[in-house]
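Here the structure is laid out as structure tokens; the discussion comes afterwards.
Protein chains in written order, with this note's numbering: chain A, 57 to 509; chain B, 57 to 509.
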């Protein structure tokens with residue numbers, strides 16, 4: 057860790073490049089691990105990224121390239137020589153190649169595919185054959201297969217003799233056992249193999265009642281299953297139960313981290329960034345938020361129309377307008393609380409679409425409770441500061457708005473799930489629009505009723 | 057998977073219990089895996105949970121108990137017999153015991169500690185000696201240690217002869233190598249051990265330049281490191297570099313999933329739930345949101361005061377009030393977008409506290425861009441629908457509010473990190489309060505200047 061006060065390595069490299077001191081930069085980079093270099097690239101703009109990358113040693117460059125986000129890889133490709141691109145691309149796993157091919161423009165994709173040999177192109181083609189967001193696109197290759205008739209000793213020997221590169225060997229914790237035509241029979245864990253007597257048969261050591269996942273299944277669901285059920289790996293099978301790949305816990309972690317970033321971005325009202333924050337240009341940041349901001353603003357014009365309808369009421373009692381931000385703000389907060397809780401519960405599998413009625417009933421009760429509490433405080437404070445009729449209006453409005461907002465807010469993620477839209481994306485604009493507009497209508501109707509205007 | 061239309065197993069069990077048909081419920085439970093039972097418990101209220109749990113077979117009950125959230129375990133304990141509690145508790149890992157001890161009231165904690173034998177109490181005590189939220193509280197025990205002088209064959213033999221229960225053996229993917237006084241010398245991976253020649257020495261197979269983590273380090277930081285650097289396990293050391301535990305990728309996944317749930321809850325404005333949504337009572341749901349809602353509402357009263365200051369302006373031009381929700385809503389959205397992006401970047405380590413100036417500069421530019429776009433649209437639409445002076449006011453206000461909101465919003469998470477508060481918790485109320493109030497002031501000042509009121 058860099059001692060406090062001293063500039064970090066990225067700042068130093070940035071400084072070297074500004075001064076044109078290529079030797080110093082190359083020297084600093086040589087002393088870094090691939091993970092550190094990746095972090096440096098994540099904090100540098102597109103121009104610096106290309107320059108820095110070309111200063112790396114070949115094997116470090118290959119490792120770093122494989123660890124970048126597809127967006128970063130795509131940007132780099134335009135700045136690299138064709139032979140270098142070919143080497144980088146060929147070293148990616150088939151799933152990494154597929155993701156990059158999705159990211160680049162069509163002509164670049166054709167060019168990249170052309171650099172692969174027929175075996176590699178077959179692997180890439182197989183992965184691309186799976187739908188977006190499916191396990192098939194994210195799984196790793198099957199590196200070793202065992203047969204049920206092998207002994208533990210023979211199995212370990214086959215591991216020793218395999219030509220799997222050491223980098224990938226590290227990931228083998230659970231080995232699949234296949235029968236005729238690659239049908240998956242079971243899994244045996246390396247720790248079990250290594251701690252069993254040498255003559256024990258794989259057929260006796262393996263677990264047959266084994267979890268597996270279909271290649272066409274949703275990748276996020278599979279990843280959560282892996283994590284929730286404490287598995288180290290899941291064999292991936294096709295429709296005929298043949299083993300086609302392996303999804304490891306590391307793969308699952310990466311999938312979930314990406315989902316997290318996407319969800320966080322969308323519930324905050326912007327498109328997720330496809331690369332580290334500081335390496336994203338200002339223009340791209342604006343573009344990632346523009347659409348959302350526009351959608352939300354258009355939704356908010358509904359409040360303008362509602363307020364116009366009640367403009368005469370406002371003229372008669374201008375004091376009513378001073379509470380508007382407070383009331384709809386509280387409605388928005390309440391709705392967001394409910395939506396966030398239900399969205400998270402849906403993601404974890406704690407709640408399913410069929411629970412809609414049960415969820416809305418609970419949230420109605422929760423909203424009532426919160427509204428009663430806030431409403432009482434509002435009644436007393438507004439009553440004392442202004443006048444009791446005003447207090448009554450504020451109190452009743454808070455009660456109604458909280459109940460309404462919690463119910464609506466809890467329903468949005470479930471509706472989103474049903475129509476196949478991302479709950480985080482769907483809920484935010486609907487809650488602001490619907491709850492704000494309805495809340496204002498409720499406010500003015502209560503005010504008219506209580507104050508007789 | 058249950059076919060569509062048929063009630064799931066949880067609903068069926070719930071139905072059995074309503075009818076008092078204990079035999080049917082017991083039968084159904086007997087056919088479930090511990091993971092399925094855990095899901096059933098996650099959808100049942102506290103009363104049903106106790107009943108269901110007592111119907112389980114002993115070994116299933118022990119496995120299920122270990123997989124529950126500490127809150128659920130705590131609730132269960134009050135409903136179980138002392139001997140059962142003793143068995144459940146003793147079967148937990150030391151870290152699980154520590155978490156449960158933190159959850160239960162003091163007398164219960166004393167009683168639980170009393171059920172442990174001296175060796176177990178020592179382990180639990182050691183874990184409790186670490187601060188909350190530290191790696192020491194979440195790490196697993198060291199199950200096997202290797203010596204540098206061993207051969208690969210001897211190492212595997214020691215694995216075979218160890219009395220580590222099979223459940224925990226599954227988790228051993230990377231084995232620590234220790235020297236005198238348990239000083240950590242390096243790590244060797246099981247796949248490497250298993251695929252190496254039998255006479256190879258552990259000292260030659262191990263990696264000495266090994267990542268390790270201090271037991272006092274923050275658990276979330278360590279978990280992200282594990283995930284980001286694609287490690288399978290991290291050895292945990294004390295101040296004297298002695299090996300005290302192991303943090304596996306599975307441990308890291310659990311830590312990050314909990315952080316995710318906490319962050320999602322807090323950024324949505326509520327306290328995180330300590331158990332699955334449907335098993336949380338309505339009362340607890342209200343309590344988890346009440347404080348936040350109150351804090352946000354109190355912050356929002358600032359807008360009431362600002363609007364009072366400008367009440368005369370509003371009286372002169374009531375039409376100004378119809379835009380208030382739209383304007384501060386847009387400010388809130390812009391601020392949230394910025395805060396969400398920066399919060400996520402901070403969590404991933406893409407941005408650090410020292411980047412504050414760089415971040416605010418970018419977000420100022422982003423806010424300017426977004427505000428210019430929205431402001432132009434607002435100018436034209438409001439100008440055409442109402443009058444051009446109004447259009448100018450709306451346009452200028454949107455420009456100012458977006459710029460202000462993005463800058464403030466991006467700064468909040470960084471300030472939160474600096475003062476040691478959770479960024480997700482800190483940002484939301486400050487953005488709503490500060491941006492809303494400042495936004496209103498800006499609006500009315502611009503209106504007064506342009507419209508001459």
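Glycine is no exception: its CB is placed at the ideal position from the N, C-alpha and C atoms.
This one's a predicted model, so the numbers in the text were calculated from it and none came from an experiment.
With 16 other CB atoms within 10 Å as the buried threshold, where does residue i fall?
i	result
residue 456 of chain B	buried
residue 444 of chain B	exposed
residue 232 of chain B	buried
residue 173 of chain B	exposed
residue 57 of chain B	Reliability of the predicted coordinates at residue 57 of chain B is poor, the pLDDT of 42 falling under 50, and the value obtained from them is presented with this limitation in mind. The residue in question, residue 57 of chain B, is exposed, as its Cβ has fewer than 16 Cβ neighbours within 10 Å.
residue 475 of chain B	exposed
residue 97 of chain A	buried
residue 449 of chain A	buried
residue 355 of chain A	buried
residue 263 of chain A	exposed
residue 361 of chain B	exposed
residue 331 of chain B	buried
residue 347 of chain B	exposed
residue 129 of chain A	buried
Quick one, are the C-beta atoms of residue i and residue j less than 8 Å apart?
i	j	result
residue 267 of chain B	residue 245 of chain B	no
residue 90 of chain B	residue 107 of chain B	no
residue 397 of chain B	residue 321 of chain A	yes
residue 422 of chain A	residue 342 of chain B	yes
residue 370 of chain B	residue 377 of chain A	yes
residue 271 of chain A	residue 242 of chain A	no
residue 240 of chain B	residue 190 of chain B	no
residue 483 of chain A	residue 493 of chain A	no
residue 410 of chain A	residue 280 of chain A	no
residue 432 of chain B	residue 451 of chain B	yes
residue 177 of chain A	residue 168 of chain A	no
residue 399 of chain B	residue 400 of chain A	no
residue 235 of chain A	residue 197 of chain A	no
residue 382 of chain B	residue 359 of chain A	yes
Per DSSP, what kind of secondary structure is residue i in: helix, strand or coil?
i	result
residue 289 of chain B	strand
residue 301 of chain A	strand
residue 403 of chain B	helix
residue 210 of chain A	helix
residue 267 of chain B	coil
residue 257 of chain B	strand
residue 377 of chain A	helix
residue 125 of chain B	coil
residue 87 of chain B	coil
residue 172 of chain B	coil
residue 100 of chain B	coil
residue 510 of chain B	Only positions 57 to 509 of chain B appear in this structure, which leaves residue 510 of chain B out of reach.
residue 366 of chain A	coil
residue 147 of chain B	helix
residue 442 of chain B	coil
residue 492 of chain B	helix
residue 456 of chain B	helix
residue 313 of chain A	helix
residue 357 of chain B	helix
residue 219 of chain B	coil
residue 153 of chain B	helix
Bridge partners for residue i per DSSP, in chain order?
i	result
residue 233 of chain B	B:202 and B:242
residue 274 of chain A	A:190
residue 196 of chain A	A:302
Heavy atom of the ligand ATP less than 7 Å from the Cβ of residue i, yes or no?
i	result
residue 386 of chain A	No copy of the ligand ATP appears in this structure; indeed no ligand is present at all.
Members of the region 349 to 363 of chain A near chain B, C-beta cut-off 8 Å: Within the region 349 to 363 of chain A, the qualifying residues are 349, 350, 352, 353, 356, 357, 359, 360 and 363.
Residues of the region 465 to 496 of chain B with Cβ closer than 8 Å to any Cβ of chain A, in chain order: Closer than 8 Å at the C-beta level to chain A, one finds these residues of the region 465 to 496 of chain B: 488, 492 and 496.
Selection of the region 392 to 405 of chain A by Cβ proximity to chain B, strictly under 8 Å: For the region 392 to 405 of chain A, the set of positions with a beta-carbon nearer than 8 Å to some beta-carbon of chain B reads 392, 393, 395, 396, 397, 398, 399, 400, 401, 404 and 405 in chain order.
Where the region 73 to 101 of chain B meets chain A: residues whose CB sits under 8 Å from a CB there: Under the 8 Å Cβ criterion, the region 73 to 101 of chain B contributes 91, 95, 98 and 99.
Within 8 Å of chain B by C-beta, residues of the region 268 to 300 of chain A in sequence order: Legend: CB atoms of the region 268 to 300 of chain A lying less than 8 Å from CB atoms of chain B belong to residues 283, 284, 285, 286 and 288.
Where the region 152 to 171 of chain B meets chain A: residues whose CB sits under 8 Å from a CB there: Per Cβ criterion, the list is empty.
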